[in-house]
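J.: Dropping a structure here in structure tokens format, bear with me for questions.
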Amino acid sequence: MNSTNMRLVDWVRNRQSPTKWVILCKAVLKKQFTIMLRYRVNFAINIVTMYVLFAIVFFGGQAAVSQAGGSFNSLDSTLNGLIVGWFLWTMSQGAYSGLASNVTQESEWGTLEQLFMSPFGFGGVMWVKAIVNLVQSTVVGGIMLLLMMVTTGRILTVDLVTIGPILVLTIFTIIGFGFAFGGLALIYKRVQSVSNIMQFAMVGLISAPVADISWLRALPLVQGSGMLQASMRRGVRLWEFAPPKLVVLVVTAIVYPLVGYVIFSYCSSVARRRGVMGHY
Amino acid sequence: MSQYPSSTRSNGTTESRTNAPAVRVETLQKIYRSDSGSVEAVHSVDLEIESGTAVGLLGPNGAGKTTTIKSLLGLIVPTNGRVAIHGKDVHDSPAETYNRVGAVLEGARNTYWRLTVRENLEFFSALAGQSSSEAKERQAALLEQFSLEDKAEQTVKNLSRGEKQKVSIACTLARDVDVIFLDEPTLGLDVESTLDLRRELRTMVNEQGTTLLVSSHDMDVIEHICDRVVIMNDGEIIADDTVENLFDVFDTQQYEITVDDPFPPAVRETVIDEYHATNFNQREEATRFTVKVIGDEFYDFVNTLQAADVSVDTVTAVEPDLEEIFLRVTDDQTTVDQESELEDGEDR
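Sequences listed follow chains A and B, in order.
The first sequence stops at residue 280 when you use our numbering, and every number in between is there.
The second sequence stops at residue 1348 when you use our numbering, and every number in between is there.
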């Protein structure tokens, strides 16, 4: 029996029960939130930094428009778009770096090897981390959304039945990149500079001009960003979107994480062959 | 000390006590390849470790110890060879293997310093799929076993180095594994912590039937914890025996001799040339030196002195410690290697 078949047999024989997966999810969630709350000053500083950046853009824009003799309220649509975009960027940023930067962190902490040695498998643990990061990012994004709406005095439509699935599927596209760069971090350790570039790339993707160039919808974040804008700014419900849009959203949410995970698995195997797994 | 029965493993694996050794390594080889060439870190290593025993892995830096341990754990993919834990190949059946094996690696924290001791134990139990209720008893027992009850609610970063090391081992045990690899477990610990940890590790073997593979530069640790010692050099195993046998082999090889002066220079030269005498020390009309002889060679040596009318004052057999044995074994191996290289050169 070849190695691939052996792995498959091992996976089937040892697949963990759903109860055990829930145990792992709860443990990772508890760990993430315990650290977040124990280092709440650090957490608060991160939120404040993101908020200050938004405030600079918002109040700066207001001042610039006023000086030019225009009315800031006339930019109503643009401002709402800014809030939705910022909200999505905050969440995407958290979900992406929660995987990519976390691999470097775990290497530095000397705990990566312990995660690797879990009976759930390294990939399994990383998937759980990805889901927990999504939850954590939702909390951070939610706080930011609230702060932005209070600051600007604008009320956006927050229909959870619509934005919940759209957000999850949209963030899943960026999780694929988290896996891919997390995999590279296993081999090359420091991929922080690439992560910094990703932050800007995400801004571009979120604000991509899909109306002019339709193929851009196939890129991560793009389709979801447009649908989120439509839902939160114009109150479009989930079932009111054209089916092709939903199909693109679902397909990209499946393809990108899968491709990212394949890259992650390949990098993991290269790191093990080179003897650099967790070696920092 | 509290106990938990090793048969009541809660990680879902059946406690199959087969005849398979806890650890089996067959012709393990690891070659690291890079642009600048390739390095063979481990060359054809064969090793078996029985369940419920402690084996020490000794070797100078670059001997291949860490590569061997990481290959055993699946963290490194070997170039050739097979590695099995309780009969399961770690590379083909990782999930099954990781239900049985854990490790505390050198230079790694192994735990989350920002979490408390208890939170770490809970997290690592869950990482093995144990619910908090079923793992609670085990965690309490581990806290007691490692005298960490008072520190349970403290974050690990605030503990001493010795306590941190105990937490690392406790977290590995929290996963309910019965084979543990420890890479330099006492590195940087003070004497008291080292003794403490040594005691705990031996207890794990004696009372819980844990299988240990301990890699360390601390000979005292190996000597006091391990039943067997494997010595590696240049990626190969050059000695593999029980601690007792290694001591027996080298026992009475070394003697401290004191002879009354005068000690003629010609005799002195003879003992240096033929018996490798060293450590000469002259004081109060007597000369003391050390010789290394094997078995009956000692009587030849004494006869040589008597034939030269040198009066032997005292003879003390020096019992070697493990460090001495290690140095001698690795020195011998290096000499053999150098000689064969020379011979190869001459042949060419």
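The beta-carbon is built from N, C-alpha and C at its ideal position, and this holds for glycine as well.
Closer than 7 Å, CB to CB, is N1110 of chain B near chain A or not?
T.: Numbered from its first residue, the second sequence carries residue 1110 of chain B at position 110. It does: the Cβ of N1110 of chain B has a partner Cβ on chain A nearer than 7 Å.
J.: Which partner residues of I1180 of chain B appear in the DSSP bridge assignment?
T.: Position 180 of the second sequence holds residue 1180 of chain B. Bridge partners of I1180 of chain B: B:G1102, B:L1212.
J.: Among all the DSSP beta bridges, which residues are the ones paired with Q1282 of chain B?
T.: As a working note, residue 1282 of chain B is residue 282 in the second sequence. B:T1287.
J.: Can you look up Q1254 of chain B in the DSSP assignment and give me helix, strand or coil?
T.: Taking the first residue of the second sequence as 1, we reach residue 1254 of chain B at position 254. Residue state, collapsed to three classes: strand.
J.: From B:L1142, B:S1147, B:S1038, pick the residue whose C-alpha is nearest to that of Q1208 of chain B; which is it?
T.: For the purposes of this step, residue 1208 of chain B is identified with residue 208 of the second sequence, where counting begins at 1. Answer by Cα proximity: B:L1142.
J.: Tell me whether E1048 of chain B sits in a helix, a strand or coil according to DSSP, three-state version.
T.: Indexing the second sequence from 1 puts residue 1048 of chain B at position 48. Note: E1048 of chain B maps to strand in three-state DSSP.
J.: Can you pull the chain A residues whose beta carbon is under 9 Å from the beta carbon of A1103 of chain B, in chain order?
T.: On the second sequence, residue 1103 of chain B is found 103 positions in, with the first residue counted as 1. By Cβ distance, chain A contributes E113, Q114, M117.
J.: Report yes or no: do three or more beta-carbon pairs, one from the region 178 to 186 of chain A and one from the region 194 to 203 of chain A, lie closer than 8 Å?
T.: Short answer: they touch.
J.: Within the 7 Å Cβ cut-off, does L281 of chain A reach chain B?
T.: Because chain A is modelled from 1 through 280, residue 281 of chain A falls outside the range shown and cannot be assessed.
J.: With burial defined as no fewer than 16 other Cβ atoms inside 10 Å of the residue's Cβ, what is the status of I1049 of chain B: buried or exposed?
T.: In the second sequence, residue 1049 of chain B corresponds to position 49, counting from 1. Burial call: buried.
J.: Any idea what DSSP makes of V210 of chain A, helix, strand or coil?
T.: As a working mapping, residue 210 of chain A is identified with position 210 in the first sequence. Coil.
J.: For N1158 of chain B, I'd like the list of residues in its chain whose CB is within less than 6 Å of its CB, leaving aside the five on either flank, ordered along the chain.
T.: Stepping through the second sequence from its first residue, residue 1158 of chain B is reached at position 158. If we look at N1158 of chain B and ignore the five residues flanking it on each side, it has no Cβ neighbours.
J.: From G81 of chain A to T173 of chain A, what does the alpha carbon distance come to, in whole angstroms?
T.: For the purposes of this step, residue 81 of chain A is taken as residue 81 along the first sequence, with counting starting at 1. For the purposes of this step, residue 173 of chain A is taken as residue 173 along the first sequence, with counting starting at 1. One C-alpha to the other measures close to 21 Å.
J.: According to DSSP, what are the bridge partners of I254 of chain A?
T.: Taking the first sequence and counting its residues from 1, the one referred to as residue 254 of chain A is at position 254. I254 of chain A is not bridged to any residue.
J.: Kindly say whether K129 of chain A, judged by its beta-carbon, lies nearer than 7 Å to any beta-carbon of chain B.
T.: Here residue 129 of chain A refers to the residue found at position 129 of the first sequence. Not closer than 7 Å to any Cβ of chain B, the Cβ of K129 of chain A fails to qualify, so no.
J.: So, using beta-carbon positions, are C25 of chain A and V128 of chain A closer together than 7 Å?
T.: Walking along the first sequence from the start, residue 25 of chain A turns up at place 25. Walking along the first sequence from the start, residue 128 of chain A turns up at place 128. Contact flag set, yes.
J.: Starting from V1293 of chain B, follow the alpha helix (DSSP H) in both directions and report where the run begins and ends.
T.: In the second sequence, counting from the first residue as 1, residue 1293 of chain B sits at position 293. Note, V1293 of chain B: premise wrong, no alpha helix (DSSP H); not H, not E.
J.: May I ask you to list, following chain order, the residues of the region 1075 to 1100 of chain B that have a beta carbon less than 8 Å from some beta carbon of chain D?
T.: Of the chains in the structure shown, none is chain D; the protein chains are A and B.
J.: Strictly under 7 Å for the Cβ-Cβ distance: is S1133 of chain B near chain A by that measure?
T.: Indexing the second sequence from 1 puts residue 1133 of chain B at position 133. Judged by the 7 Å Cβ criterion, S1133 of chain B is not in contact with chain A.
J.: Jot down the residue ranges of each uninterrupted alpha helix (DSSP H) in the region 168 to 247 of chain A, minimum 4 residues, whole runs only, in chain order.
T.: Within the region 168 to 247 of chain A, the complete alpha helix (DSSP H) runs of at least 4 residues are 192 to 206, 222 to 234.
J.: Could you tell me the boundaries of the beta strand (DSSP E) in which D1032 of chain B lies?
T.: Working through the second sequence from its first residue, we reach residue 1032 of chain B at position 32. The residue you asked about is not Asp; residue 1032 of chain B is Tyr in the sequence shown. It spans 1023 to 1034 - the beta strand (DSSP E) in which Y1032 of chain B sits, taken as one unbroken run.
J.: Quick check: is the beta carbon of R190 of chain A nearer than 7 Å to any beta carbon in chain B?
T.: One-based indexing of the first sequence puts residue 190 of chain A at position 190. Answer no: the Cβ-Cβ gap between R190 of chain A and chain B never drops below 7 Å.
J.: Answer yes if the region 96 to 111 of chain A comes into contact with the region 47 to 60 of chain A, meaning at least three C-beta pairs across the two stretches below 8 Å, and no otherwise.
T.: With a cut-off of 8 Å, the region 96 to 111 of chain A and the region 47 to 60 of chain A do not count as touching, because too few Cβ pairs lie within range.
J.: Quick check: what's the CA-CA separation for A1308 of chain B versus D1240 of chain B?
T.: In the second sequence, the residue the question calls residue 1308 of chain B occupies position 308. In the second sequence, the residue the question calls residue 1240 of chain B occupies position 240. Those two C-alpha atoms are separated by around 41 Å.
J.: Let me check understanding here. Comparing Cα to Cα, which of A:S118, A:R237, A:A185, A:V248 lies closest to V210 of chain A?
T.: Here residue 210 of chain A is taken as the residue at index 210 of the first sequence, counted from 1. Nearest option by C-alpha distance: A:V248.
J.: Suppose the cutoff is 6 Å on Cβ atoms and the five residues either side in sequence are ignored; what does the same chain contact list for A68 of chain A look like?
T.: Stepping through the first sequence from its first residue, residue 68 of chain A is reached at position 68. Here the set comprises nothing.
J.: Taking only beta-carbon positions, decide if A27 of chain A is within less than 7 Å of chain B.
T.: Indexing the first sequence from 1 puts residue 27 of chain A at position 27. Judged by the 7 Å Cβ criterion, A27 of chain A is in contact with chain B.
J.: One question on the structure: do K986 of chain B and S1215 of chain B come within less than 7 Å of each other, judged by their Cβ atoms?
T.: No answer is possible for residue 986 of chain B: it lies beyond the span of chain B, which begins at 1001 and ends at 1348.
J.: Return no unless some Cβ of chain A is closer than 7 Å to the Cβ of L1127 of chain B.
T.: The count along the second sequence starts at 1 and reaches residue 1127 of chain B at position 127. Yes, contact with chain A.
J.: Could you give the DSSP three-state label for G1056 of chain B: helix, strand or coil?
T.: On the second sequence, residue 1056 of chain B is found 56 positions in, with the first residue counted as 1. G1056 of chain B: strand per DSSP, three-state reduction.
J.: Comparing alpha-carbon positions, which option in A:F59, A:G124, A:Q229, A:V125 lies nearest G153 of chain A?
T.: As a position in the first sequence, residue 153 of chain A is number 153, starting the count at 1. Answer by Cα proximity: A:F59.
J.: Within the same chain, show all residues whose beta-carbon is closer than 6 Å to that of V1090 of chain B, passing over the 5 residues directly before and after it, in chain order.
T.: Reading the second sequence from its first residue, position 90 is the one you call residue 1090 of chain B. These residues qualify, in order along the chain: G1074, V1083, T1097.
J.: Curious, which full-length alpha helix (DSSP H) runs of at least 4 residues does the region 34 to 109 of chain A contain?
T.: List check, alpha helix (DSSP H) in window: 40 to 67, 76 to 109.
J.: Looking only at its own chain, which residues have a Cβ that is under 6 Å from the Cβ of S1125 of chain B, when we skip the five neighbours before and after it?
T.: Walking along the second sequence from the start, residue 1125 of chain B turns up at place 125. Here the set comprises A1135, A1174.
J.: State the DSSP-derived secondary structure class of R1082 of chain B, mapped to helix, strand or coil.
T.: Numbered from 1 along the second sequence, position 82 holds the residue referred to as residue 1082 of chain B. Three-state DSSP puts R1082 of chain B in a strand.
J.: Tell me, please, whether the region 1227 to 1235 of chain B touches the region 1048 to 1063 of chain B by the rule of three or more beta-carbon pairs shorter than 8 Å.
T.: Touching, yes.
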